[in-house]
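Using the numbering used here, you'd call the opening residue of the sequence shown number 71 and step up by one each time. Backbone N, C-alpha and C fix where the C-beta goes; we use that ideal spot for every residue, glycine too.
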Amino acid sequence: MYLTRRSFLQKSGIGTALLANSAASSIKLSAGEPFLRPGKPRLRLALAGYSFRKQFLWNKGKPQAPRNKSRPMDFFKFIDYCADHGCEGAELTGYYIPPDAGNKYFLDIRRHAHLRGISICGTAIGNDFSLAKGIKRDYEVEAARHGIDQAAMMGAPHVRFFAGTAKGFSAGSERIQNCIEALQICSDYAGDRGIFVGVENHGAISVGQLLEIISKVDSPWIGINLDTGNFFSDKPYDDIEQCALHAVNVQVKINMQTPERKKYPANLNKVMDILKRANYQGYVVLEYEEEDPFGEIPHWLEKLSEAIHA
């Protein structure tokens, strides 16, 4: 099920106690090291459920009318789509989980993916850890743990996290430390289940902030969810290069953005070259954000596959 704030508040003592216990314990803040992978680069094609965000029947616990009414989407159909279009993996964005989903639902998803030869390469949540300490941040941590549990049931090795937003971090010097503490809790929890926490370059945070945050979480289970189109920068390819050695998952968009958030076409070959130089070994997930997903995604999967194998 999708954890709502109301359901969290009904048991808010759990989250509050968890955070209090964590704050009382010492957190080792050591410099994060990049992943040093033996062997050669290995890039595996996958697709994000977010690419069909307007087609799912549920969105963050609420019913949603599909834009294309003749082609509604759920995770079973999405996995079929990935299998039918040459993907190795499917990223199941958590926003689209039905609110009444129980353990059987997640195990059925896992079974269906295996029978279709598709790896559930990850899930994604929409947390915000740049909040001040209090009930709202407690909810964000508890909801994140809930998302990790769902990923574990589906056999997903990775959950996409957000650190927070530049606006949130600008509200006080303690906000980044608050985020680090929350990510420490989640990384420990995820690591006990064999799941990576991938922190995304999201919310207009800087590369420096992102690297600082992940370097101060003492866990071998944290890294970067590298979103190639989420740098509002004059030098996005340099930003990608700075993050690539820390990547545990890569989401590829077909556009880049200027500091003014004006879109322009991404050079997919250049992005793949950066990942190969970093000896990245993992999923390269197309996250399509433009119009006409049914018409355009097959073309972009083919283009991304060509860049991967160039």
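DSSP beta-bridge partners of residue i
i, result
"residue 228", "266"
"residue 129", "132"
"residue 161", "118, 192"
"residue 70", "In the structure as shown, the chain starts at 71 and stops at 380, and residue 70 therefore has no counterpart that could be examined."
Extent of the continuous beta strand (DSSP E) run through residue i
i, result
"residue 297", "292 to 297"
"residue 138", "Segment: none, residue 138 is in no beta strand (DSSP E) and carries neither H nor E."
"residue 167", "No beta strand (DSSP E) contains residue 167, which DSSP labels as neither H nor E."
"residue 112", "112 to 118"
"residue 317", "317 to 322"
"residue 188", "Run containing residue 188: none; DSSP gives neither H nor E here."
"residue 325", "325 to 327"
"residue 332", "Per DSSP, residue 332 belongs to no beta strand (DSSP E) and is neither H nor E."
"residue 356", "351 to 356"
Residue i and residue j closer than 7 Å at C-beta
i, j, result
"residue 257", "residue 292", "yes"
"residue 301", "residue 329", "no"
"residue 157", "residue 118", "no"
"residue 225", "residue 273", "no"
"residue 320", "residue 354", "yes"
"residue 346", "residue 111", "yes"
"residue 155", "residue 368", "yes"
"residue 277", "residue 297", "no"
"residue 108", "residue 315", "no"
"residue 313", "residue 283", "no"
"residue 275", "residue 236", "yes"
"residue 215", "residue 259", "yes"
"residue 295", "residue 270", "yes"
"residue 176", "residue 125", "no"
"residue 121", "residue 358", "yes"
"residue 193", "residue 172", "no"
"residue 287", "residue 338", "no"
"residue 261", "residue 289", "yes"
"residue 162", "residue 146", "no"
Outcome for residue i when other beta-carbon atoms lying within 10 angstroms are tallied against a minimum of 16
i, result
"residue 266", "buried"
"residue 364", "exposed"
"residue 152", "buried"
"residue 371", "buried"
"residue 91", "With a pLDDT of 44 at residue 91, under the threshold of 50, the modelled position of that residue is not reliable, and no figure is offered here."
"residue 96", "Its pLDDT being 31, under 50, residue 96 is placed unreliably in this model, and the value from its coordinates should be taken loosely. Result: exposed."
"residue 332", "exposed"
"residue 184", "exposed"
"residue 141", "exposed"
"residue 228", "buried"
"residue 280", "buried"
"residue 138", "exposed"
"residue 350", "buried"
"residue 130", "exposed"
"residue 251", "buried"
"residue 113", "buried"
"residue 323", "buried"
"residue 352", "buried"
"residue 356", "buried"
"residue 127", "exposed"
"residue 106", "exposed"
Range of the contiguous alpha helix (DSSP H) that encloses residue i
i, result
"residue 306", "306 to 314"
"residue 254", "245 to 261"
"residue 151", "145 to 154"
"residue 363", "363 to 379"
"residue 46", "Residue 46 cannot be examined here, being either before or after the span of the chain that is shown, 71 to 380."
"residue 280", "277 to 285"
"residue 347", "338 to 347"
8 Å contact criterion, which residue i and residue j should meet: CB distance rounded
i, j, result
"residue 149", "residue 160", "5 Å"
"residue 377", "residue 342", "4 Å"
"residue 239", "residue 245", "5 Å"
"residue 212", "residue 197", "Contact flag wrong, Cβ pair sits at about 10 Å."
"residue 222", "residue 263", "5 Å"
"residue 299", "residue 336", "7 Å"
"residue 143", "residue 136", "7 Å"
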